[in-house]
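J.: Before we start, here is the structure in question, set down as structure tokens.
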Amino acid sequence: MASLSFSQVTRMDDAADAMPFGASSSREGGGQLNFRQLFGILWRGKFVIAAIMALFMSFAYYWVQSKTPLYVSTTEVEIGIRDRTVLNVQDVLQQAQQDFYYNDTQASIIRSAVAAEKVAEQLDLYGDPSPLFWGTGEDKGSLGQTVKAAVKSVLPDAVVEGVRSLLDQFRGSSHEPIEEPKSADNLSEDELREIEQQNIVKTLLRDLSVDPSSRARTISISYLSDKPAFARKVAEAFAETYVGLSLDERSQATSQASDFIVQAVDRQREAYEAAEKALEAFRREAGVVEFRNQTTLLQEQRVELNRQRIEARERAAEAAARVAQVERLLREGDAVDTVTSVLDSPLIVRLREQEAEVVREIAELRTQLRDRHPRLLLKRAELEDLQKSIRAEIDKIVIGLKNDLELTNVKVASLDREIATLQAEIESQTDAEVTMRRLESERNAQKQLYDTLLNRNQELLLQEQTPQQPNARIITPANLPFEPSYPRKNLTMAAAFLASGVLGILVVFLWEFMDTGFRSLQQLQQMAYVPALGLIPRLSLFDRRRSTPEDFVVDEPNSLYSEAIRTIRTALMLASMEQRPRSVMFTSSVPAEGKTSTAVSVARASAKAGQRTVIIDCDLRKPSVHESLQVPNQRGVVDVLSGSASLDDVIEIDLRSGMHYITAGPKAPNPPDALGSLAMRQMIDELSRRYDLVVIDTPPVLPVSDALVLLRNVDKAVYLVRWGSTRREAVMAGIRQVQEANGDLAGVAMTRVDIRRHQKYNYGDSYYYYRGYGKYYGN
């Protein structure tokens with residue numbers, strides 16, 4: 001088999017994306033396998049679970065038996081009841097708002113000191129408070145007190161005092177004298193009586209339980225006592241007291257409301273009369289009874305004036321535009337006769353016609369006469385007169401336009417003044433109207449409130465004549481308890497049973513989780529990725545008394561142990577496809593994992609099978625092969641390596657099996673150098689030529705490096721792991737060292753396996769089935 005280093009194995013695992021052990025098991029076996037594993041864990045820890053449950057059940061039984069039986073009496077009260085009166089009159093008393101906190105508020109009233117004082121007076125507890133106390137005032141003795149007393153009785157007094165002083169220092173107490181409380185001798189009789197009554201009330205409330213309902217207007221009142229009849233009396237007394245308090249509260253509130261309303265009616269009458277007088281005085285001062293019609297007329301006038309002002313402003317704008325146009329034409333020297341007002345003048349139109357006629361005549365005369373001809377001059381003079389008349393008429397029109405503009409502006413200013421005056425009058429009228437409406441509203445509000453108070457006063461008079469009813473009633477009378485409510489023995493025992501069962505299961509699972517050893521070859525294979533050779537069972541106590549494992553393989557060839565050894569031997573023979581390994585070394589992670597007994601057993605089994613076999617003890621630090629074979633350790637491997645003896649001189653024969661063996665011999669000064677020497681390699685090669693199988697017993701790989709130097713001198717290496725004992729980290733570290741040293745690892749085998757416990761793990765190892773079917777084959 002080609003050797004693989006640990007890094008190569010890791011790369012192969014990363015490339016293959018191998019599943020972990022738990023996931024692989026789930027994939028192969030599905031949910032059934034998971035269930036079997038869980039059941040197997042519980043089955044293996046059944047005695048632990050049973051012991052924890054028995055212990056807890058014993059404690060629970062002792063606890064329920066040591067407690068004083070207590071009884072609970074319960075009554076139920078309905079709250080928030082409306083009055084059932086024949087008169088349909090609204091209650092003057094302000095009803096409490098029944099919101100989310102209403103039930104809790106009423107429950108607090110029941111638990112109040114006022115209610116407790118009334119109950120104490122009703123039951124005469126101030127005179128005889130003995131019913132409040134349970135039995136002797138203490139339990140029969142708790143488990144903690146019993147254990148404490150037992151410990152104190154066993155430990156010496158000095159130890160007890162020392163522990164007590166340490167506890168005092170831890171709690172922060174000191175032995176310095178503290179100030180004494182006020183002596184009872186300095187108190188008066190009234191103060192002593194008040195203190196005693198307060199203690200009675202506190203004791204009474206301590207055992208009271210008030211439970212308001214979250215879905216209905218009901219409250220449950222319960223009282224706890226060791227006397228059933230007294231518990232019933234106290235529960236009934238609290239319920240009756242609460243009903244009485246609600247009735248007293250309603251009567252007192254009604255009386256207070258009556259006094260308040262009578263005073264409020266008088267004050268409201270005065271306020272109403274004052275508001276009425278203020279309104280009348282303002283009306284006389286304003287001199288107007290109704291402002292609405294007058295205000296409407298003023299607003300209509302303002303609208304008309306606004307309309308006129310808008311028209312006047314439009315005319316003013318037009319006149320200003322015409323005047324501006326004329327003035328511009330005059331400044332620029334353009335023809336003013338193009339202005340619309342000029343064109344529209346009839347006089348200017350006639351003058352223009354005459355001017356045109358004269359111009360025509362002048363034109364005709366110029367063709368007939370000379371320029372200085374009298375007729376021509378006369379016509380020209382006539383034309384100048386016409387043009388002067390036109391210009392004079394145009395000037396009049398311009399002056400008229402300016403006069404119209406001034407008149408229009410004057411009219412607009414006049415309208416603005418009238419509108420401003422009218423607006424001031426409207427605002428004054430509006431302010432007066434607002435003031436009067438405010439006074440009317442105040443008068444009406446005061447009158448309405450006065451009428452309401454008068455009606456409420458009449459309703460109060462009718463309600464005072466009606467019999468008052470309480471706001472609560474008892475709907476469930478207090479029961480007389482026959483069975484104790486505390487301690488609840490059945491419930492306590494059931495809870496202890498469930499809790500102890502759960503605790504036991506958790507302890508078993510925690511113990512299983514904290515198991516650091518390997519329990520099966522399947523686990524070891526999936527974590528180390530090395531072949532599995534088999535399981536080597538542990539001999540029973542009876543078998544160990546008879547013989548050692550090395551002798552057992554010879555004395556009992558058909559036993560389970562012998563069959564396991566033969567399985568290891570067969571696996572070694574099939575470890576290589578080319579040829580059988582001739583030299584095999586056995587090693588492990590730490591000492592005491594069964595290396596020597598396994599190596600000797602495999603060598604003896606091979607010798608009994610007819611193979612020429614020799615075993616070499618290469619543990620030069622602590623040799624043990626001679627102890628297993630019960631022979632002296634005189635000459636051996638060290639003598640051959642040092643050259644003081646030949647190989648034939650140190651080889652001995654085991655008469656029981658025919659196996660040859662070589663002991664370690666005397667101590668070597670440097671075992672790693674001796675085992676890694678050329679002489680050691682030559683010795684193994686020589687023995688491999690003489691024998692069919694050379695078995696080498698070596699030290700563990702983690703404490704020393706002796707076994708690692710032999711890896712290159714042997715054909716195969718067998719790594720042994722003690723079942724359920726060797727830590728997984730140690731096993732993985734040891735296998736990694738073997739692989740990094742380029743050792744040809746044939747596989748791993750688990751030693752000292754407890755077959756009975758191994759069967760409980762439900763693993764698929766071969767000996768799980770061998771124990772059941774071995775008898776069929778006569779084993």
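Every letter in the sequence shown is one number past the one before it in the working numbering, and letter 776, counting from 1, is 776.
C-beta: ideal position from N, C-alpha, C; glycine also.
Report the three-state DSSP secondary structure of K447 (helix, strand or coil).
T.: Residue state, collapsed to three classes: helix.
J.: Is the shortest distance between the beta-carbon of K447 and the beta-carbons of chain C less than 9 angstroms?
T.: Absence of chain C from the displayed structure is noted, only one protein chain being present.
J.: Going by DSSP, which residues form a beta bridge with T476?
T.: Looking at the DSSP assignment, T476 forms a beta bridge with E76.
J.: Given 8 angstroms as the limit, tell me if S601 has its C-beta closer than that to any heavy atom belonging to the ligand ADP.
T.: With respect to the ligand ADP, the structure offers nothing, as it holds no ligand at all.
J.: If you follow the alpha helix (DSSP H) that D649 is in, where does it begin and where does it stop?
T.: It spans L647 to V650 - the alpha helix (DSSP H) in which D649 sits, taken as one unbroken run.
J.: Let me confirm a value: Y272 is counted as buried when at least 16 other C-beta atoms fall within 10 Å, else exposed. Which label applies?
T.: Burial call: buried.
J.: Taking the alpha-carbon positions, what's the L687 to I651 distance?
T.: For L687 and I651, the distance between alpha carbons rounds to 10 angstroms.
J.: Distance, Cα to Cα, V358 vs Q368?
T.: Approximately 15 angstroms, taken between the alpha carbons.
J.: Just how far apart, CA to CA, sit N88 and D248?
T.: With a pLDDT of 44 at N88, under the threshold of 50, the modelled position of that residue is not reliable, and the figure given next carries that caveat. One C-alpha to the other measures close to 23 angstroms.
J.: Could you name each continuous alpha helix (DSSP H) segment of 4 residues or more that falls completely within the region 706-735, going from the start of the chain to the end?
T.: Taking only runs of at least 4 residues, the alpha helix (DSSP H) segments lying wholly in the region 706-735 are 706-710.
J.: Give me whichever residues DSSP pairs with T751 in a beta bridge.
T.: T751 is bridged to R722.
J.: Tell me the residue span of the alpha helix (DSSP H) that contains S58.
T.: Segment K46 to S66, the alpha helix (DSSP H) holding S58.
J.: Straight-line CA distance for I505 to R217?
T.: Rounded to the nearest angstrom, the two C-alpha atoms are 46 angstroms apart.
J.: Alpha carbon to alpha carbon, what distance is there between G676 and I565?
T.: Their backbone Cα atoms lie some 29 angstroms apart in a straight line.
J.: On the three-pair Cβ rule with 8 angstroms, is the region 493-511 touching the region 47-65?
T.: Judged by Cβ distances under 8 angstroms, the region 493-511 makes contact with the region 47-65, as three or more pairs qualify.
J.: Could you compute how far the alpha carbon of V530 sits from the alpha carbon of D654?
T.: Looking at the two C-alpha atoms, the distance is approximately 33 angstroms.
J.: Using a Cβ-Cβ cut-off of 8 angstroms (strictly less than) and excluding sequence neighbours within five positions of R473, which residues of its own chain qualify?
T.: Excluding sequence neighbours, R473 sits near V77, E78, I81 and V243.
J.: Would you check if the region 377-391 and the region 401-413 touch, i.e. whether three or more CB-CB distances between them fall below 8 angstroms?
T.: Touching, no, given that fewer than three Cβ pairs across the two stretches are closer than 8 angstroms.
J.: With contact counted as at least three CB pairs below 8 angstroms, one residue from each stretch, are the region 614-631 and the region 656-674 in contact?
T.: At 8 angstroms Cβ cutoff, the stretches touch.
J.: If you draw a straight line from the alpha carbon of Q106 to that of I475, how long is it in whole angstroms?
T.: Distance between the alpha carbons of Q106 and I475: 16 angstroms.
J.: One question on the structure: do S588 and G734 come within less than 9 angstroms of each other, judged by their Cβ atoms?
T.: In contact: S588 and G734 (Cβ atoms closer than 9 angstroms).
J.: Just verifying my parser: in three-state terms, what is the DSSP assignment at P470?
T.: The answer is coil: DSSP assigns P470 none of H, G, I, E or B.
J.: Give the list of continuous beta strand (DSSP E) stretches no shorter than 3 residues that lie fully inside the region 544-627.
T.: Segments of the beta strand (DSSP E) lying fully in the region 544-627: 583-588 and 613-617.
J.: Counting pairs of beta carbons, one from the region 125-134 and one from the region 197-204, are three or more of them closer than 8 angstroms?
T.: Counting Cβ pairs under 8 angstroms, three or more are found: they touch.
J.: Just reading off the beta strand (DSSP E) that Y661 is part of, what are its end residues?
T.: Unbroken beta strand (DSSP E) run through Y661: H660 to I662.
J.: Ignore the nearest five residues each way along the sequence and tell me which others in S214's own chain have a CB closer than 8 angstroms to its CB.
T.: For S214, where only same-chain residues beyond five positions count, the Cβ hits under 8 angstroms are N103.
J.: By alpha-carbon positions, which one of L245, A607, W43 and Y71 ends up nearest to A113?
T.: Minimum Cα distance to A113 is reached at L245.
J.: Taking all protein chains shown into account, do 16 or more other C-beta atoms lie within 10 angstroms of the C-beta of L415, making it buried, or fewer, making it exposed?
T.: With 16 or more other Cβ atoms within 10 Å, it is buried.
J.: Where does P374 sit, in a helix, a strand or coil, going by DSSP?
T.: If DSSP states are grouped into helix, strand and coil, P374 belongs with the helices.
J.: With respect to the beta strand (DSSP E) encompassing A741, which residues constitute its N-terminal and C-terminal limits?
T.: From DSSP, A741 is part of no beta strand (DSSP E); its letter is neither H nor E.
J.: Output needed for L711: all residues of its chain with C-beta closer than 8 angstroms, excluding positions within five of it in sequence on either side, in chain order.
T.: Cβ within range, chain order: M585, A717, V738, A741, N742, G743 and D744.
J.: For M514, count the other beta carbons within 10 Å of its own beta carbon; 16 or more makes it buried, fewer makes it exposed. Which is it?
T.: M514 comes out exposed.
J.: Which residues does DSSP list as the beta-bridge partners of V210?
T.: Paired residue(s): I221.
J.: In this structure, how does DSSP classify A392 when only helix, strand and coil are distinguished?
T.: Looking at A392 - three-state DSSP - the assignment turns out to be helix.
J.: Distance check for L572 and R806, CA to CA, integer angstroms please.
T.: Here the chain covers residues 1 to 779 and nothing more, so residue 806 does not appear.
J.: At what residues does the beta strand (DSSP E) containing D654 begin and finish?
T.: Careful: D654 lies outside any beta strand (DSSP E) and carries neither H nor E.
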